[in-house]
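Protein chains in written order, with our numbering: chain A, 3 to 236; chain B, 1436 to 2289. Every residue, glycine too, gets a C-beta built ideally from N, C-alpha and C. For reference, the structure is listed below as structure tokens.
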Amino acid sequence: MTEEIIRLERVVKEFRRGDTAVRAVDGVSLTIGRGEFVSIMGKSGSGKSTLLHLMSGLQQATQGSVRLLGRELSQLKDDDLTLLRRTHVGFIFQFFNLLPTLTALENVALPLLLAKVRTSVAEAKALELLKTVGLTSRAAHKPDELSGGQMQRVAIARALAGDPPLLFADEPTGNLDSASGEEILLLLKQMQIDRGQTIVMVTHDAKAAAYGDRLITMRDGRVLDDQLTGGMVG
Amino acid sequence: MTSLYARLARRYLAGKKGRSLMTLLGIALGVTMVVAVLLINNAILASYENLLSAAAGRADLQVSATTGFGFREEVLKAVAASPGVAAAVPVVRSGSPVVAGDRQAGATFYGIDAEQDQKVRDYRLTSGRLPTAVGETAISTELAGNLAVENGGKLSLLTTKGLKEFTVVGIFDAAGTVRGALGPFGVITLPAAQVAYGKEGRLDLIDVTVADGHAVEAVRDLLAGALDDQVRVGTPVERSKDMQRLLDSVIFLLTMAGAISLFAGAFIIYTNVSMSVAERQRDLSILRALGMKRGEVIGLVLTEAGLLGLLGALLGLVWGYGMATFMAGQMTDQFLTSYGVQTAAVTITLPTVAVALAVGVGAALFAAFGPARETVTVSPVDAMRPGDGPAAGAKRPGWGRVAAGLGLLLGSAVVLWLTWPDGSAMVSPLLLRAWGLLLVLMLLGVVVMLPALLTGLTRVIFRPFLTAIFGITGRLAADNLVRMPRRTAATICSLMVSLSFMVAMGGVEASQMSTFDAWYEKTIAWDMNVSSSFSGIGAQVEMDAAFVRELAQVEGVRLVSPQKMMRVIIGDGDQAFLQVFDFELLRQYSETMLEEGDWETAADLMEQGGHTIISPAIAARLKVGLGDSFTLPSPDGPVSVKVAAIMSDVTPYGGTISIDQQDYVKNWHDETATNVAVLVTPGATPEAVKERLMDRWGESMHLNIRLNREFWQELRAAYEGFYGLMDGLVWVAILVSGLAIANTLLASILERKREFGLLRAVGSRPSEVLRVVVGESLSIGIIGGLIGVAAGLGLQWCIGSSSQYINGATVRLVLDVTTIATAVGVALVLAPLAGLLPARWAARLDVVEALRYE
Chain A
3 MTEEIIRLER VVKEFRRGDT AVRAVDGVSL TIGRGEFVSI MGKSGSGKST
53 LLHLMSGLQQ ATQGSVRLLG RELSQLKDDD LTLLRRTHVG FIFQFFNLLP
103 TLTALENVAL PLLLAKVRTS VAEAKALELL KTVGLTSRAA HKPDELSGGQ
153 MQRVAIARAL AGDPPLLFAD EPTGNLDSAS GEEILLLLKQ MQIDRGQTIV
203 MVTHDAKAAA YGDRLITMRD GRVLDDQLTG GMVG
Chain B
1436 MTSLYARLAR RYLAGKKGRS LMTLLGIALG VTMVVAVLLI NNAILASYEN
1486 LLSAAAGRAD LQVSATTGFG FREEVLKAVA ASPGVAAAVP VVRSGSPVVA
1536 GDRQAGATFY GIDAEQDQKV RDYRLTSGRL PTAVGETAIS TELAGNLAVE
1586 NGGKLSLLTT KGLKEFTVVG IFDAAGTVRG ALGPFGVITL PAAQVAYGKE
1636 GRLDLIDVTV ADGHAVEAVR DLLAGALDDQ VRVGTPVERS KDMQRLLDSV
1686 IFLLTMAGAI SLFAGAFIIY TNVSMSVAER QRDLSILRAL GMKRGEVIGL
1736 VLTEAGLLGL LGALLGLVWG YGMATFMAGQ MTDQFLTSYG VQTAAVTITL
1786 PTVAVALAVG VGAALFAAFG PARETVTVSP VDAMRPGDGP AAGAKRPGWG
1836 RVAAGLGLLL GSAVVLWLTW PDGSAMVSPL LLRAWGLLLV LMLLGVVVML
1886 PALLTGLTRV IFRPFLTAIF GITGRLAADN LVRMPRRTAA TICSLMVSLS
1936 FMVAMGGVEA SQMSTFDAWY EKTIAWDMNV SSSFSGIGAQ VEMDAAFVRE
1986 LAQVEGVRLV SPQKMMRVII GDGDQAFLQV FDFELLRQYS ETMLEEGDWE
2036 TAADLMEQGG HTIISPAIAA RLKVGLGDSF TLPSPDGPVS VKVAAIMSDV
2086 TPYGGTISID QQDYVKNWHD ETATNVAVLV TPGATPEAVK ERLMDRWGES
2136 MHLNIRLNRE FWQELRAAYE GFYGLMDGLV WVAILVSGLA IANTLLASIL
2186 ERKREFGLLR AVGSRPSEVL RVVVGESLSI GIIGGLIGVA AGLGLQWCIG
2236 SSSQYINGAT VRLVLDVTTI ATAVGVALVL APLAGLLPAR WAARLDVVEA
2286 LRYE
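This is the structure in structure tokens:
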């Protein structure tokens, strides 16, 4: 296996729903290596999204250990976690989550600007990324002037802005028509191949999951199956 | 359907306790102010009306003096003989300190003719009888209680010649029958009162009952035609109008303060309702998809708002009552006594309750209607789609609104300019109210055009400015400002109005104080002022000439200058303040602060007699200027006086007229003094002379001596009392706008929860998220502060420069840097402070929770 980038050991995540504790993730152990494209599948409520949040440091585990790039996440302070996300992790969400007051270009540049990169440098980088995702012509447009697929491509470009070694995608095609969905998946695959990007993608769509070269299936918070699939494209 | 509305509304409100509470507070505070102001105004007027009607008893008409020092007794015969008059009852009255043993009380004493008086008033005697001889008195149970005297006991009454002893021959229960509203009082015989108060051969009042078969108006006109200028004939209610006129400016300011708080409160409601609507766009759309009509959805939203409005109004009613009670106490203590009002009882009446409910519910419904209507303009399908739905208040401001707002603003300004006093007339109560309306219209103009202004300002100033300072977080803060331009504008307005009121009131106060200080320094140059039973503007009981001569003999006294202060009714039928000085003496130690004319020349003219120095208000009322003549009513008929100068006037009594003592004595035949200015010989200290005077007359004359500095402090305290109340109102308004800011930010954060989640996810630190929100609130503070200070300065100029044509007081405008700095400070501190809590909340959002938020 290539260099290990994520390691989970007996990770448990509990939520309180009223008086009862719900175990969303129940004793999961796994490792993900650099350059892998991992699909996590499962039905609604299987714990796949929670697993993604735990890996990316958006949530803290109730029990067990989560190591991201060799660092134990439970030991990091909020600011350090933020910094880790800013510099090493990119996110792609189902609902795109673009800021409506910013243009496509500014949305892509956002993580760089937050990291205090000079505006001219950040925007040059953003433009380059928009070119990568094929949206140079829409750079000056605001999100409400873009189609769903275009918005998601902007989101991908934004996720790549800080050159993060890791990309987390939470149902990236969930809100798109099938043609746009396929475009996005191809783009992700291309990122893996061209840039050696590590990608962890949560989906409930088997067709989408097939783009990954490893498929983790979850049920009731546990890993039901973890197998190499080779990837549909490549 | 109604019960469904109520159920849905109740559940929603209960689910959003914090916000419901905020809305409730906004309405309650607004209603509190309105109710308090209403109750105070009513209490003041009612107590004065009570005072008059209680004193008038069953009298249909009252013949009263225009000259302030009674009228000749012969008038009584003329009145009694007039056709249609059934009874003419003479009265002499004075406020008097009374002493019995070691107890002291203040009371009003009436000189009456026991037999005649019972034709207009009932005396429910609990023991004894009414006085029939000099040296006898009957007193109310209240006064008897205060003094702990019984029938047959003795009390001493302060007269112009010092304390005089009276035997109590009767005690009566005043409650419900006669003069019940007057506070403690007593009666003595008419001749005794005339002697006691230096009013020999004079009367203060004749109560008239009209014979059956005669119309009151006809008898009034007949009497008015037959009697000369020294008296005025009117019904008791007509007389209370004088009071209303005098208090108009006070009431105007109070009403403005109340309206401003309500205004700010309405913004909170608007923000909250638009927030609740935006938040529930999907829920409401589901209801519509399930078959609820547009009107019904609007009905649901309005029901919620109305429910909160009702609760807020009830709360405001209770608070308002408490506040009014407190204020009434403060106001009577501080300055109302100088208008003759002793007690102002606050009572909640049905109309007050109705107004409170109408205002609370009305404001809530009014504020909620816009957002409610916008809900149903969004298609249910669009609204039910996940993601950021369209929200109320997001519409871009159009040029039409800017034009409308500008039109309102400029149109009102032009009308204000056209109706501005030019010095040839006073501002009528009607015009004053019209001005109030103009101010509201101007404010409305700002409200209407502010969203567009805000959008422009953000583009040109805030975005570059905040981006330069805070980088991308600053840029986001600026963008957020104009995402809901109307809502942000509403918040800015609420801050703006309270700050403008603060700046205006502070500025007027500072201007009035500095005018007062300048006036005092120039005008009040005596070492001490001697009076018996001092009450604000002069003594209630005069001192006679013999006493004044004795004062001059005291060791250490260099000069005594008797003065007379009284109210008179002048040519235009309204009150004025008449002051009498011996100018030959006066010019030796003091000067009159003049607006027009030269002091030395004026003083020469005044010494010659036949001249007057008047305030600008009198000049405007009588349309006279330097060198013009006008007549003053006197017991001997009209006295013509020529204007020697126009002076600055710091009293708010509708205008002041100064005449020389020789003219007064000649025409009024009165040598008593309300107060005496005393200067000490070189080498003597005022303190030592004061002690000497007090030792000799302190008790027997009930002397009240104020040293120069003490008098200054006392007058300043009266101003400060009034402005203290105003300050209180200002801070309530500011509190409300602080709530409004916190509220708007909370609303905007709730709507952008997902964006904050994203910022955190892509690497914003909590402190950076905090900066976005604080930047936003700071911008609100800056805009609200800038417009507020500018509008406040304009308002200060309006109030200050029209004041002498409203209540007669000259105000020389000064720029009050302290208040402006405070207002700027409030804007720059309050806004970010109000934003801090919502900002912290935003910064601490659970990222995953926030991202999931729809």
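Measure the alpha-carbon distance for B/L1443 versus A/L70 and round it to whole angstroms. 47 Å
Checking contacts by CB at 8 Å: is B/A2196 closer than that to chain A? yes
Quick one: is B/Q1998 buried, meaning 16 or more other Cβ sit within 10 Å of its Cβ, or exposed? buried
When burial is assigned at 16 or more other CB atoms within 10 Å of the CB, is B/G1828 buried or exposed? Summary for B/G1828: the model assigns pLDDT 47, below 50, so the residue's position carries little reliability, and this model does not support an answer.
Going along chain B, which residues have a C-beta under 8 Å from A/P2? Residue 2 of chain A lies beyond the stretch modelled for chain A, which goes from 3 to 236, so this question has no answer here.
Cutting at 8 Å between CB atoms, please list the residues of its own chain near B/T1612, excluding the five before and the five after it. Residue placement at B/T1612 is flagged as unreliable, the pLDDT there being 47, under the threshold of 50; the coordinate-derived value follows with that caveat. Closer than 8 Å at the Cβ level, and outside the excluded window around B/T1612, lie R1556, D1557, Y1558, R1559.
Taking Cβ to Cβ, would you say B/V1526 is nearer than 8 Å to B/G1546? yes
On the three-state DSSP scale, how would you describe B/Y1955? helix
Throw me the rounded Cβ distance for the B/G1880 and B/L1844 pair, which I believe falls under 8 Å. 3 Å
Cβ-based burial, A/A181 [other Cβ within 10 Å; buried from 16]: exposed
Does any residue of chain A have a CB that is nearer than 8 Å to the CB of B/L1911? yes
Please determine, among A/D81, A/V135, A/L86, A/L10, the residue with the shortest C-alpha to C-alpha distance to A/L168. A/L86
Give me the chain B residues within the contact set of A/L112, using Cβ-Cβ distance strictly less than 7 Å, ordered along the chain. I1907, V2197
Output, in chain order, the set of chain B residues within a Cβ distance shorter than 8 Å of A/R87. A2196, V2197, G2198
What residues are listed by DSSP as bridge partners for B/K2077? B/H2046, B/S2064
Give a yes or no on whether 8 Å exceeds the smallest Cβ distance from B/L2286 to chain A. yes
Ignore the nearest five residues each way along the sequence and tell me which others in B/T2179's own chain have a CB closer than 8 Å to its CB. T1706, R1922, T1923, A1925, T1926, I2215
In whole angstroms, what is the alpha-carbon distance linking B/G2227 and B/E1977? 44 Å
Using DSSP with H/G/I as helix, E/B as strand and the rest coil, what is A/G44? strand
Express the C-alpha separation of B/R1836 and A/I94 in angstroms, rounding to a whole number. 41 Å
Against chain A, does B/V2282 count as a neighbour if the rule is that its beta carbon must be under 8 Å from one of theirs? yes
If you check the beta carbons only, do B/P1619 and B/A1535 fall under 8 Å apart? no
For a cutoff of 8 Å on Cβ pairs, would you count A/F95 as touching chain B? yes
Coarse secondary structure for A/I201, derived from DSSP in three states: strand
As an exercise, report each continuous beta strand (DSSP E) stretch of at least 3 residues that is fully enclosed by the segment 138-215 of chain A, in chain order. 168-172, 200-205
Hey, quick one: how far does the alpha helix (DSSP H) through B/M2000 stretch, first residue to last? Element bounds for B/M2000: not the alpha helix (DSSP H) but the beta strand (DSSP E), 1992-2004.
Grab me the residues of B/F1761's own chain with a C-beta within less than 6 Å of its C-beta, minus the 5 sequence neighbours each way, in chain order. none
Should B/A2182 go down as buried or exposed, given a rule of 16 or more other Cβ atoms within 10 Å for buried? buried
Segment limits, alpha helix (DSSP H) that includes A/V110: 106-116
Output the residue ranges of the alpha helix (DSSP H) runs that lie fully inside the segment 1843-1914 of chain B and measure 4 residues or longer, sorted by chain position. 1864-1892, 1898-1905
What does a CB cutoff of less than 6 Å around B/G1822 pick up in its chain, not counting 5 residues either side in sequence? Caution applies to B/G1822, whose pLDDT of 48 falls short of 50 and renders its modelled position unreliable; the model cannot decide the point.
Would you check if the distance between the CB atom of B/G1744 and the CB atom of B/A1791 is smaller than 8 Å? no
A/E6: buried (16+ other C-beta within 10 angstroms of its C-beta) or exposed? exposed
Thinking C-alpha only, which one of B/S2050, B/S2075, B/Q2043, B/D2017 is nearest B/G2032? B/S2050
In its own chain, which residues sit with a C-beta less than 6 Å from the C-beta of B/M1710, not counting the 5 before and 5 after it? A2182
Limits of the unbroken alpha helix (DSSP H) element including B/P1518: It is not in any alpha helix (DSSP H) - B/P1518 carries neither H nor E in the DSSP assignment.
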